[in-house]
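Numbering (our numbering), first residue to last: 286 to 548.
Don't be surprised by glycine CBs; every beta carbon is placed ideally from N, CA and C.
In this text the structure is predicted, and so the values were computed from the model without any measurement.
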Ligand SMILES: NC(=O)c1ccc[n+]([C@@H]2O[C@H](COP(=O)([O-])OP(=O)(O)OC[C@H]3O[C@@H](n4cnc5c(N)ncnc54)[C@H](OP(=O)(O)O)[C@@H]3O)[C@@H](O)[C@H]2O)c1
């Protein structure tokens, strides 16, 4: 990663902070962005080195996205990798969910990564090299009850990644989709943690997940599903969804009361 010019969204988040730390330690040139300016400054200060640029931005706002890309081009002199890691993860009963939150979920998790990719692609195609990295989720391959909007947003992100990868196959630009299973970060509400305990959901630590993400980026993986047995369930769900319907019925019932509590 030494010398690579990288935009990272969600850089002040649980996983993003660790991705930033690992890339910085390898000597990457970073343009870190997140919605929370103070948190972003804290991340930069903790990295304690030159070559790290920060831009506070709401990635659902067109002017903000343009600002991120323009500043990366100006400060770093180009863009080699875009990592779309910002996201939100609302948990609850879909029929009761705030319609605005459903819209926001798709805007942040799907539309903004697509539009950021659209914004960086012309310069990547011109230099005939680059990598677009989209952080998805196991729930982007296994539709998960009480995470309907989130699952939909990550399914769409996976579909976008696959189609764009095929579209760019004859160019020097690669597309990598990486899907972690549950991770212990602030994206998950108290209700999610209680539900996860009730259904014995596996949860990874963000530093370990960030290490796997950076490894997968370096290898240039097309699609990478983190965690076992989740990576196996992804394959089973793709071929035998009816089998998974039956297997998760009991778990869904247990999770329901936590989803009701979440609202
Ligand atoms: N943690 C998990 O269980 C898990 C599992 C699978 C996949 N993932 C995926 O991994 C990625 C990183 O998640 P994480 O666990 O690190 O979550 P996180 O700690 O909440 O980090 C996400 C970051 O994105 C920022 N963000 C939210 N909306 C934004 C917007 N409109 N514009 C710019 N930044 C925005 C958040 O800022 P604020 O906090 O200030 O809103 C936060 O700093 C996400 O794409 C998530 O879907 C997470």
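Going by DSSP, residue 382 is part of no beta strand (DSSP E) at all; its letter is neither H nor E. If only uninterrupted beta strand (DSSP E) runs of at least 3 residues are considered, those enclosed by the segment 314-396 are 314-319, 337-341, 366-369.
At the C-beta level, residue 352 and residue 340 come within 8 Å of one another. DSSP links residue 461 through a beta bridge to 418.
Distance check between residue 367 and each of 289, 312, 481 places 289 closest, using alpha-carbon atoms only. Counted as a single uninterrupted DSSP element, the beta strand (DSSP E) harbouring residue 294 occupies residues 290-294.
For the set 296, 287, 303, 502, the Cα lying nearest the Cα of residue 493 is the one of 303. Contact annotation, residue 350 with residue 400: C-beta distance approximately 6 Å; criterion of less than 8 Å satisfied. For residue 508, the enclosing beta strand (DSSP E) starts and ends at 508-510. Straight-line measurement puts the Cα of residue 510 at about 13 Å from the Cα of residue 468. A direct Cα-Cα distance of roughly 24 Å separates residue 431 from residue 446. Near ligand 1, meaning a beta-carbon closer than 5 Å to one of its heavy atoms, we find 295, 297, 298, 299, 300, 319, 320, 321, 343, 344, 345, 370, 371, 372, 393, 420, 422, 465, 467, 468, 470, 471, 472.
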